[in-house]
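Per UniProt numbering, the sequence shown starts with residue 1, numbered consecutively.
We put the CB at the ideal spot given by N, CA and C, even for glycine.
These figures come from a predicted structure and were not determined experimentally.
First the structure, in the form of structure tokens, and then the observations on it.
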Amino acid sequence: MKQLTKAEEEIMQILWQLKKANVKAIIEEFPNPKPAYNTVSTIVRILESKGFVDYEKQGKGHVYFPLMQQQEYSNQSINKLVDNYFQGSFKSMVSFFMKKNDISLNELESVLKEINKKEK
């Protein structure tokens, strides 16, 4: 999977939320100051070349939609994080976040319950 830049990921988050949108609708979702039309248009075309979005012709313009689901991208990103920074060990990652983020016992128990649900 190709990695997304921060700007590309911001646009993908908007497209995942809207399902389909033209460049103007994407820009409307950004907080002020809004990015330039040409900037967003260029990033959307890059996302298209990377295989993350496609478009339908609508009049003179295009309506873009995501090809990759948000959950699929999230899963691949987490797996890459675990592989690159924790030598593929989920246990090491959880341990790291527990130490750095001061996770409470209740939060840890909640995570363990979720893991147990997945195993069943």
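When the distance is taken between beta carbons, is Phe-86 closer than 8 Å to Phe-97?
-> no
Cβ neighbours of Gly-61 in the same chain (closer than 6 Å, five flanking residues each side left out) = Asn-22
Flag this pair as touching only if the region 4-22 and the region 33-53 have three or more C-beta atom pairs under 8 Å; answer yes or no.
-> yes
Inter-residue Cα distance where the pair is Lys-113 and Asn-106 = 11 Å
Can you give the Cα-Cα distance for Ile-78 and Asn-32, rounded to whole angstroms?
-> 30 Å
DSSP beta-bridge partners of Pro-33 | The partner list for Pro-33 (beta bridge, DSSP) is empty, contrary to what the question assumes.
Looking only at DSSP bridge pairs, what is Phe-65 linked to?
-> Asp-54
To the nearest angstrom, report how far apart residue 121 and Lys-20 are at their CA atoms.
-> Only positions 1 to 120 of the chain appear in this structure, which leaves residue 121 out of reach.
Leu-15 vs Val-53 beta-carbon contact at 8 Å | yes
What is the residue span of the alpha helix (DSSP H) that Asn-22 lies within?
-> Neither: Asn-22 is in no alpha helix (DSSP H) and is coded neither H nor E.
Could you check the C-alpha separation between Met-93 and Lys-24 for me, to the nearest Å?
-> 40 Å
If you run the structure through DSSP and keep just helix, strand and coil, what is Gln-13?
-> helix
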